[in-house]
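Encoded as structure tokens, the structure appears first; notes follow it.
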Amino acid sequence: MSDTARIEQDIEAARARLEGTVNELAYRAQPQVIAQRQVQGLRLRLDAATHTEDGELRIERIGAVIAAAVVVVVAVGLLRRRRR
Numbered sequence: 306m307s308d309t310a311r312i313e314q315d316i317e318a319a320r321a322r323l324e325g326t327v328n329e330l331a332y333r334a335q336p337q338v339i340a341q342r343q344v345q346g347l348r349l350r351l352d353a354a355t356h357t358e359d360g361e362l363r364i365e366r367i368g369a370v371i372a373a374a375v376v377v378v379v380a381v382g383l384l385r386r387r388r389r
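Residue numbers (the numbering used here): 306 to 389.
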């Protein structure tokens, strides 16, 4: 194979790699794909926060979140009453 043919082959291979990279970046930049990644990340974090590595529920954490939510709701209710 001549040097010219090898260089042309190298250029075509580089173009193919570049095209793949550009297509991947265009796909990742789509708003729908970004939103899907965000939702998936939130689900993973929620699962890690509410389940042990064995897959069992972390009752103490769930209870603490519920208690905090109740405190917030009561506080908001009291603030609304006080303003009236």
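Virtual Cβ for every residue (Gly too), placed ideally from N, Cα, C.
Please report the straight-line C-alpha distance between LEU351 and GLN345, rounded to a whole angstrom. Our two residues, LEU351 and GLN345, have alpha carbons roughly 10 Å apart in a direct line.
Ends of the alpha helix (DSSP H) at ALA334? Looking at the DSSP string, ALA334 is not in any alpha helix (DSSP H), and its letter there is neither H nor E.
For a quick check, are the C-beta atoms of ILE371 and THR355 less than 7 Å apart? no
Name the one or two DSSP bridge partners that LEU351 has. Looking at the DSSP assignment, LEU351 forms no beta bridge with any residue, so it has no partner.
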